[in-house]
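Trainee: Letter by letter, the sequence shown follows residues 0 to 419 in numbering that gives the first Met the number 0. Just so it is clear, CB atoms sit at the ideal spot from N, CA and C, and this is done for glycine as well. The structure under discussion is supplied below as structure tokens; questions concerning it will follow.
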Amino acid sequence: MNGSEKIRTGPWAHLPRAARDAAVHGPKEPPRTLLWPARPGLARILVVVVCFALAIGFTGGSIAIHAHVLDVPTSQAWLLGLAQCLPLLIAARWPLIAWRVTAAGLLCGVIVMATKDEFWPWPVTSFLSLVFVLFAVAVSYERRTSGGAVLLTIVGVIAPAALLAGMPVWFGIILTGIVLIVLAFGDAVGGRYAAEASLAEHAELHRQDLARHAVLEERARIARELHDVVAHHMSVIAMQAEAAPYKIPELPDAAKDTFVVVRDAAREALAETRRVVGLLRADDEAAERRPQPGLDRLDELTRGATQSGLAVRVRVVGVPRPVAAGVDLSAYRIVQESLSNASRYAPGARVDVEVRYGPDLLRVRVVDDGARTTPQESGGGHGLIGMHERVAMLGGTLSAGPDPGNGWSVVAELPYGDPP
């Protein structure tokens, strides 16, 4: 079984992707980052300061207790204090390494104190250091690793203290209970963090999937609409090429042959276009096969928006002129989507629709006044993606965002193209 199969089917399947990779390929880094923030900043500085303060304080206390209370030689007191407490410095970043050093230091303390008649062989600060390190391990690693660390602590540290150093068995049971509680608490905290991270990752993947799906749907719709426009013109070309020899009887044979070639090419292109784009049509899309709308149906569109509660005002600036069918359709769709968004996110708003026929560009601007009440439905679609797709296909520009008048505006500039 390779690494990817372990990740999909192993015990770390519930963890985020980075956590699963770390669990499979080894504990080079903690699979969770609850104690060590992923990005440098104030939070990471705070973690370093806390770990430094605990390590210095516990190490100093451990050395002092070893030397002055437990009567351990000074050199040994320093070594034991450093080994048992100083690993707190790296516990947040590398908790497993810190645990190994701390556990080894505590075991050495048991060996040193085996000949002394003491209630337990460590300073309180040293055991507190072990508790903090075990908590970091439980938070940072999957359950099998943290459980193994706790089991080795009980067998390799607490049990020898009861057997070799004269620590009462009942007190060893209490210490074992403390260690198990630390394991359970750390695992619960770390598990919650891993679950939240996994949910966040899945939510982001779902959002990306929705965006990609919206793009594909809009592209398919544009392709279908483009097919309707192209099919119309190709049909006209085929019919005109077919009728030309009858309209002009004196045409030379070479011209007639040329018209036959044009007719056949137009019919072949039309059939191929219908075949390819037909794959994009669903069974329930018969309504889209009717003639596509344009700016000549703008009044009908605004009446529908008014019935939905919007106060729509339409203004046409300049002299209307013929535009390419794709431009006409895209301008209509942009106004339609903008009014739909205004109805969804600003019900009852006043909306100004301006269609400006400039020298070189058709400019469509839809602005609402920002009146906000409770939206009729939650969530959001990807209408802006479709607008951008349409405008990019025609070589125009589109901007959408907050309006200085505390509303929302959509402005599209489209080249006229070749009119029909």
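For a quick check, are the C-beta atoms of residue 152 and residue 129 less than 9 angstroms apart?
Mentor: Within the sequence shown, numbered from 1, the residue matching residue 152 stands at position 153. Within the sequence shown, numbered from 1, the residue matching residue 129 stands at position 130. Yes. Within cutoff.
Trainee: Can you grab the Cα-Cα spacing for the pair residue 416 / residue 359, in whole Å?
Mentor: By 1-based counting over the sequence shown, the position of residue 416 is 417. By 1-based counting over the sequence shown, the position of residue 359 is 360. Distance between the alpha carbons of residue 416 and residue 359: 9 angstroms.
Trainee: With 16 as the cutoff for other CB atoms within 10 Å, does residue 168 come out buried or exposed?
Mentor: For the purposes of this step, residue 168 is taken as residue 169 along the sequence shown, with counting starting at 1. By the neighbour-count rule (16 or more Cβ atoms within 10 Å), residue 168 is not buried but exposed.
Trainee: Thinking C-beta only, is residue 294 closer than 9 angstroms to residue 235?
Mentor: For the purposes of this step, residue 235 is identified with residue 236 of the sequence shown, where counting begins at 1. For the purposes of this step, residue 294 is identified with residue 295 of the sequence shown, where counting begins at 1. It is not a contact, given that the beta carbons lie outside the stated cut-off.
Trainee: May I have a chain-ordered list of the alpha helix (DSSP H) segments no shorter than 4 residues that lie completely inside the region 318-363?
Mentor: Taking only runs of at least 4 residues, the alpha helix (DSSP H) segments lying wholly in the region 318-363 are 324-344.
Trainee: Based on the DSSP secondary-structure assignment, which residues constitute the bridge partners of residue 402?
Mentor: Taking the sequence shown and counting its residues from 1, one reaches residue 402 at position 403. Looking at the DSSP assignment, residue 402 forms a beta bridge with 406.
Trainee: Starting from residue 310, trace the beta strand (DSSP E) in both directions and tell me its first and last residue.
Mentor: Position 311 of the sequence shown, counted from the first residue, corresponds to residue 310. Residue 310 -> beta strand (DSSP E) spans 310-316.
Trainee: What residues match up with residue 414 in a beta bridge as DSSP calls it?
Mentor: Along the sequence shown, one-based indexing puts residue 414 at 415. DSSP, once it has assigned bridges, lists 360 as partnering residue 414.
Trainee: Starting from the C-beta of residue 395, find all residues in its chain whose C-beta is less than 7 angstroms away, skip the five residues before and the five after it, and write them out in chain order.
Mentor: Taking the sequence shown and counting its residues from 1, one reaches residue 395 at position 396. Result list for residue 395: 411, 412, 413 and 414, in chain order.
Trainee: Locate the alpha helix (DSSP H) running through residue 88, then write down its first and last residues.
Mentor: Your numbering for residue 88 matches position 89 in the sequence shown. Here residue 88 belongs to no alpha helix (DSSP H), and DSSP marks it neither H nor E.
Trainee: Let's see if you can read the secondary structure: which residues bound the alpha helix (DSSP H) around residue 61?
Mentor: Working through the sequence shown from its first residue, we reach residue 61 at position 62. From DSSP, the alpha helix (DSSP H) with residue 61 extends over 41-67.
Trainee: Buried or exposed: residue 232, going by 16 or more other Cβ atoms within 10 Å of its Cβ?
Mentor: Taking the sequence shown and counting its residues from 1, one reaches residue 232 at position 233. With fewer than 16 other Cβ atoms within 10 Å, it is exposed.
Trainee: Taking just the CA atoms, how far does residue 254 sit from residue 400?
Mentor: Taking the sequence shown and counting its residues from 1, the one referred to as residue 400 is at position 401. Taking the sequence shown and counting its residues from 1, the one referred to as residue 254 is at position 255. When rounded, the distance between both Cα atoms is 56 angstroms.
Trainee: When burial is assigned at 16 or more other CB atoms within 10 Å of the CB, is residue 361 buried or exposed?
Mentor: In the sequence shown, residue 361 corresponds to position 362, counting from 1. When all chains shown are included, residue 361 counts as buried.
Trainee: Spell out the partners DSSP gives residue 298 in its beta bridges.
Mentor: As a first step, residue 298 is located in the sequence shown; it is residue number 299 there, counting from the start. BP columns for residue 298 are empty, so no partner.
Trainee: Under a three-way DSSP split, which group does residue 397 fall into?
Mentor: Residue 397 sits at position 398 when you count from the first residue of the sequence shown. Reduced to three states, the DSSP call for residue 397 is strand.
Trainee: Are the region 100-118 and the region 69-86 touching, with three or more C-beta to C-beta distances below 8 angstroms?
Mentor: Yes, since at least three Cβ pairs between the region 100-118 and the region 69-86 fall closer than 8 angstroms, the two stretches touch.
Trainee: Please return the same chain residues whose Cβ sits closer than 7 angstroms to the Cβ of residue 337, not counting the five positions on each side in sequence.
Mentor: Counted from its first residue, the sequence shown places residue 337 at position 338. Result list for residue 337: 365 and 409, in chain order.
Trainee: Residue 367 bridges to which residues according to DSSP?
Mentor: Locating residue 367 in the sequence shown gives position 368, counting from the first residue. Bridge partners of residue 367: 350 and 407.
Trainee: Put residue 307 into one of helix, strand or coil per three-state DSSP.
Mentor: For the purposes of this step, residue 307 is identified with residue 308 of the sequence shown, where counting begins at 1. Coil, per DSSP.
Trainee: Under 9 angstroms, do residue 369 and residue 404 count as touching if we go by C-beta distance?
Mentor: The residue given as residue 369 occupies position 370 in the sequence shown. The residue given as residue 404 occupies position 405 in the sequence shown. In this structure, residue 404 lies closer than 9 angstroms to residue 369 by Cβ.
Trainee: Nearest to residue 323 by alpha carbon, out of 53, 393 and 352?
Mentor: In the sequence shown, the residue the question calls residue 323 occupies position 324. Out of 53, 393 and 352, 393 has the C-alpha closest to the C-alpha of residue 323.
Trainee: Please report the distance separating the alpha-carbon of residue 39 from that of residue 46.
Mentor: Within the sequence shown, numbered from 1, the residue matching residue 39 stands at position 40. Within the sequence shown, numbered from 1, the residue matching residue 46 stands at position 47. Distance between the alpha carbons of residue 39 and residue 46: 11 angstroms.
Trainee: Is DSSP giving residue 157 helix, strand or coil here?
Mentor: Here residue 157 is taken as the residue at index 158 of the sequence shown, counted from 1. Of the three classes helix, strand and coil, the one that applies to residue 157 here is helix, per DSSP.
Trainee: Less than 9 angstroms separating the beta-carbons of residue 137 and residue 176?
Mentor: Locating residue 137 in the sequence shown gives position 138, where the first residue counts as 1. Locating residue 176 in the sequence shown gives position 177, where the first residue counts as 1. For residue 137 and residue 176, no; Cβs fall outside 9 angstroms.
Trainee: Measure the alpha-carbon distance for residue 187 versus residue 297 and round it to whole angstroms.
Mentor: Indexing the sequence shown from 1 puts residue 187 at position 188. Indexing the sequence shown from 1 puts residue 297 at position 298. Each residue's Cα considered, the two are about 59 angstroms apart.
Trainee: What number of angstroms, rounded off, separates the C-alpha of residue 379 from the C-alpha of residue 315?
Mentor: Start at 1 with the first residue of the sequence shown, and residue 379 comes out as number 380. Start at 1 with the first residue of the sequence shown, and residue 315 comes out as number 316. The predicted model places residue 379 with a pLDDT of 44, which falls under 50 and marks its position as unreliable, so this point remains unresolved.
Trainee: Thinking residue 182 and residue 132 are a contact (beta carbons under 8 angstroms), I'd like their distance in whole angstroms, please.
Mentor: The count along the sequence shown starts at 1 and reaches residue 182 at position 183. The count along the sequence shown starts at 1 and reaches residue 132 at position 133. Actually they do not touch by this definition, with Cβ atoms about 12 angstroms apart.
Trainee: Less than 9 angstroms between the C-beta atoms of residue 309 and residue 348, yes or no?
Mentor: Taking the sequence shown and counting its residues from 1, the one referred to as residue 309 is at position 310. Taking the sequence shown and counting its residues from 1, the one referred to as residue 348 is at position 349. Yes, Cβ-Cβ distance for residue 309 and residue 348 is below 9 angstroms.
Trainee: Measure the CB-CB distance between residue 122 and residue 64 and report whether it falls below 9 angstroms.
Mentor: Start at 1 with the first residue of the sequence shown, and residue 122 comes out as number 123. Start at 1 with the first residue of the sequence shown, and residue 64 comes out as number 65. Cβ atoms of residue 122 and residue 64: closer than 9 angstroms.
Trainee: What did DSSP end up calling residue 192 once you bin it into helix, strand or coil?
Mentor: Counting from 1 along the sequence shown, the entry for residue 192 is found at position 193. Residue 192: helix per DSSP, three-state reduction.
Trainee: If you follow the alpha helix (DSSP H) that residue 94 is in, where does it begin and where does it stop?
Mentor: Along the sequence shown, one-based indexing puts residue 94 at 95. Where residue 94 is concerned, the enclosing alpha helix (DSSP H) stretches over 94-111.
Trainee: Quick one: give me the first and last residue of the alpha helix (DSSP H) that residue 124 is part of.
Mentor: The sequence position of residue 124 within the sequence shown is 125, counting from 1. Residues 123-139.
Trainee: Can you give the Cα-Cα distance for residue 66 and residue 74, rounded to whole angstroms?
Mentor: The residue labelled residue 66 in the question sits at position 67 within the sequence shown. The residue labelled residue 74 in the question sits at position 75 within the sequence shown. Distance between the alpha carbons of residue 66 and residue 74 is about 9 angstroms.
Trainee: Classify residue 327: buried if its beta carbon has 16 or more other beta carbons within 10 angstroms, exposed otherwise.
Mentor: Within the sequence shown, the letter at position 328 stands for residue 327. Flag for residue 327 reads buried.
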